[in-house]
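Participant: Residue numbers (this note's numbering), protein chains in the order written: chain Y, 6 to 314; chain G, 6 to 314.
Each residue gets a CB set at the ideal place from its N, CA and C atoms; glycine is no exception.
Sharing a structure, written as structure tokens. Questions coming.
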């Protein structure tokens, strides 16, 4: 059985004023950082505000004063973070968060969140949290313990979708799918008409996308395998632009279970009939963000067979 | 934070007719087997049909022609199984099942279910299944691939309870709790008046119990820690005796999430208001058992804070 766990890990860092532009560090610097996470740069797009690198099932966005790297699978993102901290120590940072979702094949990961905290501890003084019950979906966050005031429009939404169903999910699992076919189903040109996209279609299936427009980004990673399907979408779009995108993805992909994680973003979605909120945790962080975690689920009303191993 | 995961693993084996009595192997044989799983015998009770050993957060029941061993925490039950198979090879067995629940700290376990299958493969030809979604609660089962016909009264029910709440849960977490206090709350003398019990109270808390009556057994293990509370109860009682016990435990312990796993046992329970069945898988096994897995959950309607790590 083909198995790929979309076990996302994410780092976001903002530099202190007066630091050199992170973009000026150039692609070789970032390629070397990405390599520390066991990933590689596949392609990139650039605009006046941002360099967006599409990695192997992962993404990296670099702005003048901040960067965001998001990796999946058994990547070792924490090694990229500690490498970055060799060049820019804690006192150069205004803000840093390191985030990890729950994993269901934790034994296949090269480290646990707790191990990652131990790797970060010599470099950064921080606080760590878990949002959501340990035996259900949950999300871990570590942040640098330093007061920070995000800008008014600094908000993030992350939608993690499991068990996608329906005709479009079947299309994503099918051979012969095309980028045009995926784009059309996801509605990028209608929903995000101003965005510049960078996409990659894996063989036999799997899709990664970065999109940028000014200092706004979207990123999506699809691992459609029937037994372990997982799609993540994340963006710093303002709520009025983001919510229609998230609602469209829920309508198209029909996930039977999904997590909505947000930072400073009220994000009321249009849930399908029968979908229930089964866990909800919120935390005001000392770094100026209100983090929310919600796990939604469509109860499985049919008796299923066992999965043969 | 004190953390103990009740990551249960279970083996049950039935011998071919004509094999020597397993009880006649004596306590040293079983003590050595238990040691292979990194557990130890704390105490025991015996009746005309069964020897019941209470282990460190684990249990072992030995009948003339079958045995059942159930271990928790980071025990290595599969090593006890392979040790047993050195003495009694596949052709001496009429039936063998090896079962493991999902783990939420899989990286702390010494092996995964997949690793365990690899350990068993040289000794046994079998089939393996997962009941329940990978990203939710689920249960793994391996069984010897040999036709078997269980007796008409051979049925098992397992109730795995998470996030116990209410006054009785608080009692189980409190200092100064007593065996008499637990017995009274669990209602053993009313519900199982004919049973002979063997119990152990851990410090500062935690409770293990075996009970036997003829060839029937009950076993319960409580790890009440607030952040990761978990209680398991299992028995081969017939449905009309078992269901009142399970309903009483649900009423007393008020778990917010629980799994009911059964073999050849229709087991309709009295669920509290608001409790939902969120996943349900059933499988007819070639060894004569119908296995059912149901995950029940009381959706968390209040916004909780994050858990600090």
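1. Using alpha carbons as the reference points, say which of G:117, G:120, G:299, G:216 lies closest to residue 202 (chain G).
2. Would a C-beta distance cut-off of 7 Å place residue 109 (chain Y) and residue 167 (chain Y) closer than the cut-off?
3. From G:23, G:185, G:47, pick the residue whose C-alpha is nearest to that of residue 97 (chain G); which is it?
4. Let's see if you can read the secondary structure: which residues bound the alpha helix (DSSP H) around residue 158 (chain G)?
5. Per DSSP, what kind of secondary structure is residue 17 (chain Y) in: helix, strand or coil?
6. Could you confirm whether any beta carbon from chain G is found closer than 7 Å to the beta carbon of residue 17 (chain Y)?
7. In terms of alpha-carbon separation, which member of G:300, G:204, G:210, G:149 lies closest to residue 294 (chain G)?
8. Could you have a look at residue 312 (chain Y) and say whether DSSP puts it in helix, strand or coil?
9. From this set, G:163, G:184, G:311, G:185, which residue's C-alpha is nearest residue 232 (chain G)'s C-alpha?
10. Rounded to the nearest angstrom, how far is the Cβ of residue 105 (chain Y) from that of residue 14 (chain Y), given a contact under 8 Å?
11. Just to check my reading of the structure: residue 192 (chain G) and residue 259 (chain G) have Cβ atoms closer than 8 Å, yes? What is that Cβ distance to the nearest angstrom?
12. What did DSSP end up calling residue 172 (chain Y) once you bin it into helix, strand or coil?
13. Leaving out five residues before and five after residue 206 (chain Y) in sequence, what residues of the same chain have Cβ atoms less than 8 Å from its Cβ?
14. Give me the chain G residues within the contact set of residue 151 (chain Y), using Cβ-Cβ distance strictly less than 9 Å, ordered along the chain.
15. Residue 167 (chain Y) CB to nearest chain G CB: under 7 Å?
16. Beta carbon of residue 124 (chain G), beta carbon of residue 87 (chain G): below 7 Å?
17. Taking all protein chains shown into account, do 16 or more other C-beta atoms lie within 10 angstroms of the C-beta of residue 256 (chain Y), making it buried, or fewer, making it exposed?
18. With a cut-off of 8 Å on the beta carbons, I'd call residue 117 (chain G) and residue 112 (chain Y) a contact; round off their distance for me.
19. Counting Cβ pairs, one atom from each stretch, are 3 or more of them under 8 Å apart for the stretch 130-148 of chain G and the stretch 285-303 of chain G?
20. Run the CB neighbour count on residue 284 (chain Y), radius 10 Å, all protein chains shown included, and call it buried at 16 or more, exposed below.
21. Span of the alpha helix (DSSP H) holding residue 252 (chain Y)?
22. Tell me whether residue 280 (chain Y) sits in a helix, a strand or coil according to DSSP, three-state version.
23. Could you check how far apart the C-beta atoms of residue 67 (chain Y) and residue 77 (chain Y) are, in whole angstroms? I think they sit under 8 Å.
24. Residue 252 (chain G) and residue 277 (chain G): beta carbons closer than 7 Å?
25. Contact check, residue 301 (chain G) vs residue 280 (chain G) under 8 Å by CB: the rounded distance?
26. Quick one: what's residue 4 (chain Y) bridged to in DSSP?
27. Using a Cβ-Cβ cutoff of 7 Å, what residues of the stretch 268-293 of chain Y are near chain G? List them in chain order.
28. Using the C-alpha atoms, what's the distance from residue 99 (chain G) back to residue 266 (chain G)?
29. Report the residue from Y:129, Y:199, Y:47, Y:175 whose alpha carbon sits nearest the alpha carbon of residue 228 (chain Y).
30. Going by C-alpha to C-alpha distance, which of G:143, G:153, G:241, G:18 sits closest to residue 74 (chain G)?
31. Mind checking whether residue 138 (chain Y) and residue 264 (chain Y) have CB atoms under 7 Å apart?
32. By DSSP, does residue 91 (chain Y) sit in helix, in strand, or in coil?
33. Tell me the rounded alpha-carbon separation between residue 165 (chain Y) and residue 204 (chain Y).
34. Since residue 46 (chain G) is in the beta strand (DSSP E), which residue starts that stretch and which ends it?
35. So what does DSSP say about residue 84 (chain Y), is it helix, strand or coil?
Facilitator: On the basis of the data shown:
1. G:216
2. no
3. G:23
4. Run containing residue 158 (chain G): none; DSSP gives neither H nor E here.
5. strand
6. no
7. G:149
8. strand
9. G:311
10. 5 Å
11. No, residue 192 (chain G) and residue 259 (chain G) are not in contact; Cβ-Cβ is about 15 Å, not under 8 Å.
12. helix
13. 182, 183, 184, 187, 212
14. Those do not exist, as residue 151 (chain Y) stays about 17 Å from chain G at its closest Cβ, beyond 9 Å.
15. yes
16. yes
17. exposed
18. 5 Å
19. yes
20. buried
21. 244-258
22. coil
23. Not really, about 19 Å apart at Cβ, beyond 8 Å.
24. no
25. 5 Å
26. Nothing can be reported for residue 4 (chain Y), as the shown portion of chain Y is limited to 6 through 314.
27. 281, 282, 283, 284, 285, 286, 287, 288
28. 22 Å
29. Y:175
30. G:18
31. no
32. helix
33. 19 Å
34. 46-51
35. helix
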